[in-house]
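Have a look at the structure below before the remarks.
Number of protein chains: 2
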Amino acid sequence: MGRNQDAGLATAASAKSLAGGRGGRGQPVADEAIFTRVHGAIVERRLEPGTKLGEEALCEAFGVSRAQIRRVLLNLAHAKLVELRPNRGAYVAQPSVREARHVFEARRAVEAAVVERAADRMTEEMFAALAAILREEHQAQERGDRQAAIRLSGDFHLRLAEIAGNEVLSSFLQELVSRSSLIIATYGMASDSECSHDDHWTVARALQDGDAAAAVTHMKQHLRFIEEHLNFAAEVEPPVDLKTILGAPAGS
Amino acid sequence: MGRNQDAGLATAASAKSLAGGRGGRGQPVADEAIFTRVHGAIVERRLEPGTKLGEEALCEAFGVSRAQIRRVLLNLAHAKLVELRPNRGAYVAQPSVREARHVFEARRAVEAAVVERAADRMTEEMFAALAAILREEHQAQERGDRQAAIRLSGDFHLRLAEIAGNEVLSSFLQELVSRSSLIIATYGMASDSECSHDDHWTVARALQDGDAAAAVTHMKQHLRFIEEHLNFAAEVEPPVDLKTILGAPAGS
DNA sequence: CGATATAGGATTGTCAACAATTTTTATCTC
DNA sequence: GAGATAAAAATTGTTGACAATCCTATATCG
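Read top to bottom, the protein sequences are chains A and B.
Mapped onto our numbering, the consecutive letters of the first sequence carry residue numbers 1 to 252.
Mapped onto our numbering, the consecutive letters of the second sequence carry residue numbers 253 to 504.
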């Protein structure tokens, strides 16, 4: 298998990237646990877009049956983090430019609503929890821990949705935040979450002041800023399979 | 269980409700086709909330294997139209009051964004297509075809999302519209889509005039009107299983 | 009579072998 | 050597049997 060059993309998933600290061979784990691990690995970018997720490999990594892995892959596909190509396996999704734009536009809509409601419901304790996340995020950035920084940046947004108290919006945002991470992995941004840290504080402060309008504005600006700093020139169009296309003329 | 009274809830799914006109026994159909059929049956309220969807029954209805049915049920659960209770089967979901409120709040957020964008992109042809849907909806209501009226009312909202041109918002709205139908099935509204018909025209006209602000306002009013006319007093709380709860004390 | 325990039947969950497809490797021709 | 052809290996998709769980009906006891 595998030109072993490893130019940095689309290599096969190694068990180590997924199964976590303890070597694979553990007792059977629940679907949810496996989902969370793979989800985490993708969102924290230990698995690059395009990476093949072979069923056998995943079975060994987690020590479970193929049926279970298959279910998890179906769920990941539903979360738009994995693309299932019939008869040829599961791959970490490679969002298109179009998809990326739609995700960020949707985020502006969803997070505007979230922030508006969060402004009303914010209490001292909630703000303290938010601030704690932001401090942790800052520390992670300082010490160069990219994975933690990504996770905490996402946590900030998701916590706002939690404060807003709407589970539907929360679940939408969960999907959008995860997909955003994949988008940023695909379309660059050198120091992605770094630039956003101050924005986060701006939003948080507006919320503390109960200034919903300002919070909404800052959130929208924040999201637009990220989108505008993506490098969409680098779209890796799926190299259309000429053999398949030309092999079946329109007639038959 | 099985009080055969059939007060109108939670009866078992009959094959006829699902397999459509032709008697079940057809050639193997794709997952998507089965999904669409069950989805349609739920949204058009031929399957009441709480109805059990037995695997064997579905297999016979569609003439496919259990594995395939299981996959479809997983997808329906993901769409929040079906609830999977471990070891005891799949049931048409019974949204809680809380869930219902969240769905409508999310709709206001998503559809406000949709309408705003749709106002910019609306062309003559698009408006004509919208108007056609509304006329069909009106006719369906006139002739008392509730199922068609439900479908067309949903189509109006989904078509707006299509016009807005954002696939992410479209998929969110698709979920929300379907869930709304289930919510209305659960919490009443005598003539649900009837009252909304005029609202639809009001929104459409504002969009034709390119008046985004008015369209947003009318859409939000429309959605709030529906929510406020639901009968939340009738919540059928899941009768908590005392045996299970008390049978396992915190210790063991 | 009501409640609890038990056995039987039905339903869901899981696994391993089999079939179908794709990818790789090897071979042959120009 | 480039390209095409065909066998071999590897991977995905499906099926059917088995195990585990739950529901119902019957029997037993207070």
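Virtual Cβ for every residue (Gly too), placed ideally from N, Cα, C.
Bear in mind the structure is a predicted one, so any value in this text is a computation, not a measurement.
Sequence-distant residues of the same chain with beta carbon closer than 7 angstroms to residue 364 (chain B), five excluded per side:
468, 471, 472
Straight-line gap, residue 306 (chain B) to residue 325 (chain B) (C-alpha atoms, nearest Å)
Each residue's alpha carbon lies about 10 angstroms from the other.
Three or more C-beta pairs closer than 8 angstroms, one from the stretch 96 to 116 of chain A and one from the stretch 156 to 170 of chain A: is that the case here?
yes
Please name the residue or residues paired with residue 89 (chain A) in a DSSP beta bridge.
A:85
Roughly how many angstroms separate the alpha carbons of residue 386 (chain B) and residue 459 (chain B), rounded to a whole number?
14 angstroms
So, are the CB atoms of residue 100 (chain A) and residue 82 (chain A) less than 8 angstroms apart?
no
Residues of the stretch 71 to 87 of chain A with a CB closer than 8 angstroms to any CB of chain B: list them in chain order, please.
71, 74, 75, 78
First through last residue of the alpha helix (DSSP H) which encompasses residue 209 (chain A):
Careful: residue 209 (chain A) lies outside any alpha helix (DSSP H) and carries neither H nor E.
So which residues of chain B does residue 127 (chain A) contact, with C-beta pairs closer than 9 angstroms?
By Cβ distance, chain B contributes nothing, its closest Cβ being about 22 angstroms from residue 127 (chain A), past 9 angstroms.
Using a Cβ distance threshold of 8 angstroms, determine whether the stretch 395 to 405 of chain B contacts the stretch 292 to 311 of chain B, with at least three qualifying pairs required.
Contact between the stretch 395 to 405 of chain B and the stretch 292 to 311 of chain B is established, with three or more Cβ pairs separated by less than 8 angstroms.
Sort A:205, A:143, A:229 by Cα distance to residue 183 (chain A) and report the nearest one.
A:229
Give, in chain order, every residue of the stretch 472 to 489 of chain B whose Cβ lies closer than 8 angstroms to some Cβ of chain A.
none
Could you have a look at residue 304 (chain B) and say whether DSSP puts it in helix, strand or coil?
Note: residue 304 (chain B) maps to strand in three-state DSSP.
In the stretch 355 to 373 of chain B, which residues sit with their C-beta less than 7 angstroms from some C-beta in chain A, listed in chain order?
355, 357, 358, 361, 362, 365
What does residue 421 (chain B) touch in chain A if you count any residue whose Cβ is under 8 angstroms from its own?
102, 105, 106, 109
Within the continuous alpha helix (DSSP H) that includes residue 155 (chain A), where are the two ends?
146 to 164
How many Å lie between residue 59 (chain A) and residue 422 (chain B) at the Cα?
35 angstroms
Look at the alpha carbon of residue 464 (chain B) and the alpha carbon of residue 322 (chain B), and state the distance between them as a whole number of angstroms.
44 angstroms
At the level of alpha carbons, what is the spacing between residue 254 (chain A) and residue 373 (chain B)?
Outside the displayed span of chain A (1 to 252) sits residue 254 (chain A), for which this structure offers no information.
Report the CB separation of residue 140 (chain A) from residue 48 (chain A) in whole angstroms; it is logged as a contact under 8 angstroms.
Residue 140 (chain A) to residue 48 (chain A), Cβ: 21 angstroms. No contact.
DSSP on residue 484 (chain B), reduced to helix/strand/coil?
helix
Taking the alpha-carbon positions, what's the residue 77 (chain A) to residue 394 (chain B) distance?
42 angstroms
Who are the Cβ neighbours of residue 80 (chain A) in its own chain at under 7 angstroms, not counting the five residues just before and after it?
Contacts found: 93, 175, 179.
C-beta neighbour in chain A for residue 287 (chain B), strict 8 angstroms
no
Extent of the continuous alpha helix (DSSP H) run through residue 423 (chain B)
Here the alpha helix (DSSP H) through residue 423 (chain B) covers 419 to 438.
For residue 408 (chain B), which residues from the same chain have a beta carbon less than 6 angstroms from its beta carbon, with the 5 sequence-adjacent residues on both sides left out?
385, 452
Which residues in chain A have a C-beta closer than 7 angstroms to the C-beta of residue 408 (chain B)? List them in chain order.
None at all; the shortest Cβ gap to chain A is about 19 angstroms.
Could you tell me the alpha carbon to alpha carbon distance between residue 123 (chain A) and residue 382 (chain B), rounded to whole angstroms?
44 angstroms
Determine whether the Cβ of residue 276 (chain B) lies closer than 8 angstroms to any Cβ atom of chain A.
Confidence is the limiting factor: at residue 276 (chain B) the pLDDT is only 31, short of 50, which leaves the residue's position unreliable, though a coordinate-based value still follows. Not closer than 8 angstroms to any Cβ of chain A, the Cβ of residue 276 (chain B) fails to qualify, so no.
Nearest chain A C-beta to residue 314 (chain B) closer than 8 angstroms, yes or no?
no
Length of the line joining the Cα atoms of residue 188 (chain A) and residue 167 (chain A):
31 angstroms
Measure the CB-CB distance between residue 203 (chain A) and residue 97 (chain A) and report whether it falls below 8 angstroms.
no
Looking at the structure shown, is residue 332 (chain B) part of a helix, part of a strand, or coil, going by DSSP?
coil
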